[in-house]
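Residue numbers in the sequence shown follow this note's numbering, run continuously in steps of one, and reach 385 at the last position. Note that beta-carbon positions come from the ideal geometry of N, C-alpha and C, so glycine has one too. All of these numbers come straight from a predicted model, not from anything done at the bench. Take a look at the structure set out below.
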Amino acid sequence: MSLDFTPPPDRHQTDSQKWQKYAGKDILPMWVADMDFKSSPAILDALHERVDHGIFGYARPVPSTLEAIVTHHREHYGWEIDPSWIVWLPGMVCGLNLCSLAFSEPGDNYLTLTPVYPPFLTAGRHFERRPIRVPWTHADHTWSIDWEALEAAVTPRTKLFYLCNPHNPTARVWRRAELEQLGEFCARHNLLLISDEIHCDLILDESLPHIPSALISPELAERTITLMAPSKTYNIPGLGCTMAIVSDEKLRRRLEHSSRGLLPEVTTMGYAACEAAYGQSEDWRQGLLNTLRTNADLIARTLTDVPGVHLEGPQEATYLSWINVAELKLSDPVVHFEAHGIGLSDGNFFGAPLNAYVRLNFGCPTVTLEEGLRRFVAGARAACR
């Protein structure tokens, strides 16, 4: 089967949330973070084989699934994972909420940096936990932590720090020195670190390695819950297969206990796709990365001379561009750009200032992105008239 990332798939009239949003309208959906690429041939073959088996009972991972995960993380990150550390979950958002429930009490709070993936801001809302938002500092198109503000935000009821590593939506890869300082911060304030690393296999800047938070030090590993999944990289979010990797036995047992009777189990199809993703899809992933790098370069070149629009920082990771449109002075950027035929994510959902940012998903064939950018630029120029 070809590893061709050029043909646009037809997702009209399917169960795609991304495409259903604009059904019947001439609007290209470039909002929610799933890609318009078929999954790898190995994943498709594994799913066909599992369907042909014909029995879909309650599932547990087989040894080959665990070995694929262990080998992948050893070879790519130097992280030696013990399979017993894995707590299986049906989704990343479930994991974010479950950690809030398991490791804090009603009335407690947790820290996170904004802008950030919206479920970070709602994790625990239904359990009477409150996020404390600490804005990034932003200068010269570089995002960095305001350590003084972070220290000032800690209260006696702060229990957790939620980290997005690499970061969504700023596409930033964390450096070792930052993670070390963050580890010291968490230790000093006795905080658990909830590290969402779902985009770790989507590093576009080849000079920047992904560093798992739990690898910074044995001390930080003992207070870290790492959330991983093949869903974003291999475009299988609908199959619901996420891992919480927890080396500390007490934390792991507490997480498992909190999940019982609350969450559905990972399905047979999720396990099959996970194994094929980590164990047999590296050539496909490299082809994907090449396409995403081409697309990121196209965005940077296209937006350079567009008035009132600024890319906020280099695209170090992910397939999500964070674009500042504040100078356009739009009353509703998403509605404005929809009127010009492109559907984007509203930056305000990420905790960014109102009407200042949009997020664009460029996980699509380059020809689709070219059309999307044509519409985006037309919308931006219309706002400047």
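May I have the straight-line CA-CA distance separating residue i from residue j, to the nearest angstrom?
| i | j | result |
| --- | --- | --- |
| E178 | E184 | 10 Å |
| S258 | S104 | 11 Å |
| K232 | C274 | 12 Å |
| Y58 | M269 | 11 Å |
| V253 | L227 | Per the sequence shown, the amino acid found at residue 253 is Arg instead of Val. Between R253 and L227, the C-alpha separation is close to 16 Å. |
| D248 | C241 | 22 Å |
| S195 | C364 | 27 Å |
| M1 | P230 | Unreliable positioning characterises M1 in this predicted model, as indicated by a pLDDT of 45, which lies under 50. The coordinate reading is nonetheless provided below. The alpha-carbon atoms of M1 and P230 are separated by roughly 21 Å. |
| L160 | R385 | 47 Å |
| G347 | I55 | 44 Å |
| E49 | Q280 | 15 Å |
| I198 | T170 | 14 Å |
| R223 | M35 | 33 Å |
| P63 | L263 | 23 Å |
| V246 | I145 | 26 Å |
| P7 | V367 | 8 Å |
| L96 | E282 | 28 Å |
| P156 | S207 | 40 Å |
| Y22 | H126 | 30 Å |
| W147 | D15 | 44 Å |
| I27 | P353 | 25 Å |
| P29 | G238 | 17 Å |
| A68 | W19 | 32 Å |
| I323 | R175 | 23 Å |
| V70 | H76 | 10 Å |
| V325 | A339 | 16 Å |
| W31 | W143 | 22 Å |
Taking all protein chains shown into account, do 16 or more other C-beta atoms lie within 10 angstroms of the C-beta of residue i, making it buried, or fewer, making it exposed?
| i | result |
| --- | --- |
| K25 | exposed |
| R375 | buried |
| G372 | buried |
| A42 | buried |
| S213 | buried |
| A46 | buried |
| D332 | exposed |
| A272 | buried |
| L255 | buried |
| E316 | buried |
Only counting the same chain, and skipping five residues up and downstream in sequence, which positions put a Cβ closer than 6 Å to that of residue i?
| i | result |
| --- | --- |
| H73 | W79, I81 |
| Q13 | none |
| N235 | M35, F37, S39 |
Do residue j and residue i have their beta-carbon atoms positioned less than 9 Å apart in this structure?
| i | j | result |
| --- | --- | --- |
| P209 | V173 | yes |
| F386 | L292 | The displayed coordinates of the chain run from 1 to 385. Any statement about residue 386 would go beyond what the structure contains. |
| L215 | C164 | no |
| V327 | G308 | Before going further, note that residue 327 is Glu rather than Val in the sequence given. A contact, by the Cβ cut-off of 9 Å. |
| L202 | I225 | no |
| G388 | R130 | Since the first residue of the chain shown is 1 and the last is 385, residue 388 is not available in this structure. |
| P314 | H141 | yes |
| L311 | L298 | no |
| R359 | L369 | no |
| V306 | A380 | yes |
| M92 | P119 | yes |
| A244 | C99 | yes |
| A33 | L320 | yes |
Tell me whether residue i, by its Cβ, gets closer than 8 Å to a heavy atom of the ligand NAP.
| i | result |
| --- | --- |
| E256 | For the ligand NAP, the structure offers nothing, since it holds no ligand at all. |
Which residues in the same chain have their Cβ closer than 8 Å to the Cβ of residue i, if we skip the five residues on either side of it in sequence?
| i | result |
| --- | --- |
| E219 | G183, A187 |
| H189 | V154, T158 |
| Y117 | C164, N168, P169, D196, F350 |
| T294 | T366 |
With 9 Å set as the bound, which would you pick, yes or no: does the beta-carbon of residue i sit closer than that to a beta-carbon of chain D?
| i | result |
| --- | --- |
| A23 | Among the chains of the structure shown, chain D does not appear; only one protein chain is present. |
With residue i as the anchor, note down where its alpha helix (DSSP H) starts and where it stops.
| i | result |
| --- | --- |
| L204 | Unbroken run through L204: none, as it is neither H nor E. |
| S144 | Note, S144: premise wrong, no alpha helix (DSSP H); beta strand (DSSP E) at 142 to 144. |
| I43 | 41 to 53 |
| W19 | 17 to 20 |
| N290 | 282 to 303 |
| I69 | 63 to 77 |
| L330 | No alpha helix (DSSP H) holds L330; DSSP gives it neither H nor E. |
| S259 | 249 to 259 |
| W147 | 147 to 153 |
Beta strand (DSSP E) containing residue i: first to last residue?
| i | result |
| --- | --- |
| F161 | 158 to 164 |
| H138 | 137 to 139 |
| R359 | 357 to 361 |
| M92 | No beta strand (DSSP E) holds M92; the alpha helix (DSSP H) holding it covers 92 to 103. |
| V87 | 86 to 89 |
| A244 | 242 to 245 |
| S195 | 192 to 196 |
| T114 | 109 to 114 |
| T226 | 224 to 228 |
For residue i, which residues of its own chain have a beta-carbon under 7 Å away from its beta-carbon, when the five flanking residues on both sides are left out?
| i | result |
| --- | --- |
| F5 | F37, G287, L288, T291, P365 |
| V266 | A59, W88, P90, G240, C241 |
| A221 | A214, S247 |
| T318 | P166, N168, A171, H199, L202 |
| E128 | P106, G107 |
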